[in-house]
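*Asks:*
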Amino acid sequence: MGRNCCKISNNVKHPFCLVHRFIYYICNVKYSKIPIAQTIVLLCEKFGFKNVVISPGSRNAPLVVGFASNNYFNCYSIIDERSAGFFALGIAQQKKHPVILLCTSGSALLNYSPSISEAYYSEVPLIVISADRPSYKINIGDGQTVDQTNVFGNNILRSINLNQDIIHSQKKILQSNLQNLIPENIKKSQIKSFQSKIDEKNLLDLNKIFNDCIEMSSPVHLNVPLEEPLYEFLDKPSISVKKSKPIIKDELKNESKYINLLNKYSKIMVLVGCQSPGELSDETVFKLNQNSNVVVLKETTSNIHDSNLFGNIDRLLAPLELLKGTREVFSTLQPELLITLGGMIVSKKIKSFLRDFPPIDHIHIGSSRANDTFFKHVKHLKINANSFFRKMEHKANSEKSFYSKWQKIDSCFSKYERIFIDKAPFSDLKVFSIIANKIPGEYLIQASNSSTIRYLQLFNLKNHNFTYCNRGVSGIDGSTSTAVGASLASNKPVVLITGDLSFFYDINGLWNNYLKNDLRIIIVNNGGGGIFRILPGFKENEVFSKFIETKQHKSAKWMAKHFGFSYQNKKTKLGLKLALLNFFKKSSKPKILEISTSSKISSNVLKNYFQYLSNRHEK
Numbered sequence: 000m001g002r003n004c005c006k007i008s009n010n011v012k013h014p015f016c017l018v019h020r021f022i023y024y025i026c027n028v029k030y031s032k033i034p035i036a037q038t039i040v041l042l043c044e045k046f047g048f049k050n051v052v053i054s055p056g057s058r059n060a061p062l063v064v065g066f067a068s069n070n071y072f073n074c075y076s077i078i079d080e081r082s083a084g085f086f087a088l089g090i091a092q093q094k095k096h097p098v099i100l101l102c103t104s105g106s107a108l109l110n111y112s113p114s115i116s117e118a119y120y121s122e123v124p125l126i127v128i129s130a131d132r133p134s135y136k137i138n139i140g141d142g143q144t145v146d147q148t149n150v151f152g153n154n155i156l157r158s159i160n161l162n163q164d165i166i167h168s169q170k171k172i173l174q175s176n177l178q179n180l181i182p183e184n185i186k187k188s189q190i191k192s193f194q195s196k197i198d199e200k201n202l203l204d205l206n207k208i209f210n211d212c213i214e215m216s217s218p219v220h221l222n223v224p225l226e227e228p229l230y231e232f233l234d235k236p237s238i239s240v241k242k243s244k245p246i247i248k249d250e251l252k253n254e255s256k257y258i259n260l261l262n263k264y265s266k267i268m269v270l271v272g273c274q275s276p277g278e279l280s281d282e283t284v285f286k287l288n289q290n291s292n293v294v295v296l297k298e299t300t301s302n303i304h305d306s307n308l309f310g311n312i313d314r315l316l317a318p319l320e321l322l323k324g325t326r327e328v329f330s331t332l333q334p335e336l337l338i339t340l341g342g343m344i345v346s347k348k349i350k351s352f353l354r355d356f357p358p359i360d361h362i363h364i365g366s367s368r369a370n371d372t373f374f375k376h377v378k379h380l381k382i383n384a385n386s387f388f389r390k391m392e393h394k395a396n397s398e399k400s401f402y403s404k405w406q407k408i409d410s411c412f413s414k415y416e417r418i419f420i421d422k423a424p425f426s427d428l429k430v431f432s433i434i435a436n437k438i439p440g441e442y443l444i445q446a447s448n449s450s451t452i453r454y455l456q457l458f459n460l461k462n463h464n465f466t467y468c469n470r471g472v473s474g475i476d477g478s479t480s481t482a483v484g485a486s487l488a489s490n491k492p493v494v495l496i497t498g499d500l501s502f503f504y505d506i507n508g509l510w511n512n513y514l515k516n517d518l519r520i521i522i523v524n525n526g527g528g529g530i531f532r533i534l535p536g537f538k539e540n541e542v543f544s545k546f547i548e549t550k551q552h553k554s555a556k557w558m559a560k561h562f563g564f565s566y567q568n569k570k571t572k573l574g575l576k577l578a579l580l581n582f583f584k585k586s587s588k589p590k591i592l593e594i595s596t597s598s599k600i601s602s603n604v605l606k607n608y609f610q611y612l613s614n615r616h617e618k
């Protein structure tokens with residue numbers, strides 16, 4: 000989209016774009032007179048942070064103008080702050096580079112919380128910049144005067160309060176000194192010297208937090224106190240900034256003891272969670288495939304498509320849980336060494352299995368953070384996975400190998416899966432089996448949480464689509480907004496596959512000017528939170544229906560019309576297959592395909608599916 004996304008013209012469309020209107024009236028100016036506002040904008044440019052998502056307001060006007068009037072930046076106006084946060088996350092997810100998220104003071108910042116938590120646990124770099132009032136105006140009973148210090152708590156990498164400028168609004172400071180920014184009885188001639196110290200400290204803090212954001216691939220927060228007047232600008236900057244290089248930290252260099260573990264054990268499991276495409280090289284995947292001691296379990300979000308690795312983890316383990324001799328079978332599949340790669344794991348079945356049948360050792364490779372998901376005191380090795388596996392000894396395949404045990408089970412369940420699905424009634428399982436075969440290879444998949452990603456993981460994607468899902472905190476909020484942001488940032492078209500509750504919850508994700516014509520949304524509408532029907536403790540009663548499953552009878556038809564989408568609804572297998580023939584073809588507007596299913600039928604089909612496979616386990 001480039002700068003066209005924020006192009007100023009006399010014909011400002013979409014009257015809700017307040018940022019655009021504001022800039023139109025002051026388009027002859029570029030830089031705020033407030034030094035800290037200048038510093039932030041200039042340093043962001045030095046660091047190459049091109050994408051700026053702006054939540055409109057007044058207190059943040061000095062920063063809004065600085066970014067939006069600078070042709071270097073791509074600026075996007077998103078009114079709903081919760082949606083804006085996920086929109087920015089989608090861009091950063093695809094760009095793999097920090098995206099700026101800018102808001103005014105007060106409740107605006109608080110609305111970013113879900114997306115910032117998601118970014119933190121998914122290791123997505125965002126730079127949140129919140130404008131704030133001076134300290135003496137906080138908690139005074141006035142509007143928008145909440146305390147914005149460290150509002151994200153432990154769910155963010157770092158938060159800092161920048162120092163307020165004293166050279167701006169000097170008269171007010173000298174008259175009241177309510178901020179206690181400067182010593183009493185100070186001379187005017189000394190103010191400049193004090194301001195220089197503030198500039199130095201702010202620049203130092205900004206450099207450090209920007210470098211941390213890049214190095215750790217995690218969100219950070221800058222809280223910026225701005226004194227009025229806010230609407231005074233310069234044509235040229237009055238200050239200069241310098242970008243500092245990050246401090247190189249000493250990482251663990253001696254990985255010999257971990258390599259020894261790799262070559263010591265004869266039952267090794269590699270479990271790959273969420274990661275970007277291409278993290279594991281073809282050479283590494285080939286080497287892992289050739290080693291009889293190694294089993295690789297991959298999730299859909301691992302974006303690895305080698306057919307010799309084991310996907311469909313729940314399809315492998317859920318039927319085994321239903322066997323009378325479950326413990327005996329699971330003990331033969333128990334690894335001695337667990338190696339995890341990437342981010343969060345979707346499958347509850349693999350988590351349960353590895354907690355009940357734990358490895359002797361657990362190593363996490365790469366990433367900035369290692370989660371002790373399986374309670375084995377995980378050891379974190381910050382090394383490239385390809386470099387690590389390059390040192391693994393080769394061990395030839397044999398019929399009694401660890402790999403062969405897993406392969407036998409996988410072959411059995413793969414054989415019977417198709418038989419069951421062909422005969423199954425129209426249901427969520429049937430729908431996802433069809434969808435998995437029909438998405439063109441050039442499309443990126445954005446999957447919503449809960450049932451959607453779990454169903455998607457039961458099937459191999461025929462065309463090897465790259466798949467993303469907000470698994471950091473695994474909420475249903477923000478899936479649509481993330482997909483729209485990802486669509487904007489990617490050079491590939493995007494399809495969002497979502498459930499009804501996820502879609503309706505984040506409907507404001509469509510309230511923007513950045514919907515591309517090749518955006519596709521597939522809604523599997525089973526009338527509520529269908530996943531709760533397959534969880535332990537389900538009861539068919541009014542309380543469960545109303546407060547847990549949350550039954551609803553809404554359709555996306557009128558929403559599609561309102562936001563300019565073409566729309567179809569399908570309720571049968573044949574109807575769905577016919578719709579998919581043209582759904583991904585080029586069009587003059589984005590498209591929504593809503594698929595209506597029964598939650599009751601779908602939950603029964605899924606339970607029968609796992610039981611059917613279990614009954615056919617080759618003992």
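Numbering that gives the first Met the number 0 puts the first residue of the sequence shown at 0, with every later residue one more than the last.
Glycine residues also receive a C-beta, built at the ideal position from the N, C-alpha and C atoms.
Being a predicted model, the structure only gives us computed values, none of them experimental.
(1) Could you say if the segment 207–225 and the segment 149–168 meet the contact criterion of at least three C-beta pairs nearer than 8 Å?
(2) Looking at the unbroken beta strand (DSSP E) that takes in residue 102, where does it start and where does it end?
(3) Quick check on residue 24: does DSSP put it in helix, strand or coil?
(4) Going along the chain, which residues of its own chain have a beta-carbon closer than 6 Å to the beta-carbon of residue 124, five neighbours each way excluded?
(5) Does DSSP put residue 37 in a helix, a strand or coil?
(6) Mark residue 507 as exposed unless 16 or more other C-beta atoms lie within 10 angstroms of its C-beta, in which case mark it buried.
(7) Need the endpoints of the alpha helix (DSSP H) that residue 224 sits in, please.
(8) On the three-state DSSP scale, how would you describe residue 467?
(9) Considering only their Cβ atoms, is the gap separating residue 447 from residue 501 smaller than 9 Å?
(10) With a 10 Å radius around its C-beta and 16 neighbouring C-beta atoms as the bar for buried, classify residue 354 as buried or exposed.
(11) Would you decide whether residue 245 is buried or exposed? Buried here means 16 or more other CB atoms lie within 10 Å of its CB.
(12) Just to confirm before moving on: does the CB-CB distance between residue 201 and residue 161 stay below 9 Å?
(13) Just list the beta strand (DSSP E) runs in the segment 392–450, keeping only unbroken ones of 3 residues or longer that don't cross its boundaries, in chain order.
(14) Taking the alpha-carbon positions, what's the residue 45 to residue 82 distance?
(15) Which residue or residues does DSSP assign as beta-bridge partners of residue 619?
(16) Of the residues 269, 154, 278, which one's Cα is nearest the Cα of residue 336?
(17) Below 8 Å, how does it come out for the segment 429–447 and the segment 565–585: are there three or more Cβ pairs, yes or no?
(18) Quick check on the DSSP output: what are the complete beta strand (DSSP E) runs of length 3 or more inside the segment 112–150, in order along the chain?
(19) From which residue to which residue does the alpha helix (DSSP H) around residue 215 run?
(20) Spatial neighbours of residue 644 within its chain, please: C-beta separation below 8 Å, excluding the five flanking residues on both sides.
(21) Could you pull the start and end residues of the alpha helix (DSSP H) that residue 51 belongs to?
(22) If you drop the 5 nearest sequence neighbours on each side, which residues of the same chain put their C-beta closer than 8 Å to that of residue 66?
(23) On the CB-based measure, 16 or more other CB atoms within 10 Å of its CB, does residue 659 come out buried or exposed?
(24) Which first and last residues belong to the alpha helix (DSSP H) in which residue 634 is found?
(25) With a Cβ-Cβ cutoff of 9 Å, do residue 348 and residue 316 count as a contact?
(26) Taking 8 Å as the threshold, find out whether the segment 574–587 comes into contact with the segment 505–519 through three or more Cβ pairs.
(27) Short check: CB of residue 466 to CB of residue 523, under 9 Å?
(28) If you draw a straight line from the C-alpha of residue 468 to the C-alpha of residue 478, how long is it?
(29) In this structure, how does DSSP classify residue 483 when only helix, strand and coil are distinguished?
(30) Return the Cβ separation of residue 309 and residue 329 in integer angstroms, given the expectation that the two are a contact with Cβ distance under 8 Å.
(31) On the criterion of 16 or more Cβ atoms from any shown chain inside 10 Å, does residue 206 qualify as buried, or is it exposed?
(32) Under a three-way DSSP split, which group does residue 314 fall into?
(33) How many whole angstroms separate the CB atoms of residue 346 and residue 312, which I take to be in contact at a CB cut-off of 8 Å?
*Replies:* Quick answer:
(1) yes
(2) 98–102
(3) Caution is warranted here: a pLDDT of 46 is assigned to residue 24, below 50, making its placement in the model unreliable, and the coordinate value is therefore given only provisionally. For residue 24, the three-state secondary structure derived from DSSP is helix.
(4) 91, 97, 212, 216
(5) helix
(6) buried
(7) From DSSP, residue 224 is part of no alpha helix (DSSP H) but of the beta strand (DSSP E) over 219–224.
(8) strand
(9) yes
(10) exposed
(11) exposed
(12) yes
(13) 443–446
(14) 28 Å
(15) A query on residue 619 cannot be resolved here, the shown segment of the chain reaching from 0 to 618 and no further.
(16) 269
(17) Three or more Cβ pairs drawn from the segment 429–447 and the segment 565–585 lie within less than 8 Å of each other, which places the two stretches in contact.
(18) 125–131
(19) 187–215
(20) Residue 644 is absent from the model: the chain starts at 0 and stops at 618.
(21) Here residue 51 belongs to no alpha helix (DSSP H); instead the beta strand (DSSP E) covers 50–53.
(22) Excluding residues within five positions, the ones whose Cβ falls inside 8 Å are 40, 43, 51, 53, 72, 74, 99, 101.
(23) Nothing about residue 659 can be reported from this structure: the residues present for the chain run from 0 to 618 only.
(24) What the structure shows of the chain is the stretch from 0 to 618, and residue 634 is not part of that stretch, so it cannot be assessed.
(25) It is a contact, given that the beta carbons lie within the stated cut-off.
(26) yes
(27) no
(28) 8 Å
(29) Reduced to three states, the DSSP call for residue 483 is helix.
(30) Incorrect: roughly 15 Å between the Cβ atoms, too far for contact.
(31) Label assigned to residue 206: buried.
(32) Here residue 314 sits in helix by DSSP.
(33) 4 Å
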